[in-house]
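J.:
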Amino acid sequence: MSHSSPACSRRTFLLGTATTFAGAFLAACGSNPPKEVEATEVPVGSAVILGSVIIAQPKEGEFVAYSSACPHQGQFITEVDGDVVTCTKHNSKFSIMDGSLISGPATSGLRDANLTQEGDTLSASVI
Ligand code: FES
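Going by the numbering used here, the sequence shown opens with residue 1, and the numbers climb by one from there.
1) I'd like to know whether the C-beta atoms of Ser-46 and Ser-67 end up nearer to each other than 8 Å.
2) Between the Cα of Asp-120 and the Cα atoms of Ile-54, Ile-49 and Glu-62, which residue gives the shortest distance?
3) Measuring alpha carbon to alpha carbon, tell me which of Val-42, Ile-54 and Pro-43 ends up nearest Ala-124.
4) With DSSP as the reference, label Val-78 as helix, strand or coil.
5) Is the separation between the beta-carbon of Val-80 and that of Ile-49 shorter than 8 Å?
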């Protein structure tokens, strides 16, 4: 088992028999486990929203992750349309290409999230 990525990114800890590690998982990350998705489920030039994180694929094979908490007032962003995500609370729009702000009332872009890849599985968690 590799330890190159943070312990909390490993789904196997939830399934396996290593109860010591499962305990560590819960202690370290229980309130905010990483969100996982198969890389093939993230559309090229668009994104998927998984609760507190957004995982995007601006160009084929390039993945990025952002916090889905709107930088305006913290509402979770829930809408994706092509390469634009929208916070429906006050209609701020952001580019999934780089997280930048397209239109307010937010005054800044999306915050980055941690992203790791293991095989075909992407794991993202807010920083
Ligand atoms: S909280 Fe997102 S636009 Fe206001």
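Built from N, CA and C at the ideal position, the CB exists for glycine as well.
T.: This is what the structure holds:
1) no
2) Glu-62
3) Ile-54
4) First, the amino acid is wrong: residue 78 is Thr here, not Val. DSSP places Thr-78 in coil when its eight states are reduced to three.
5) yes
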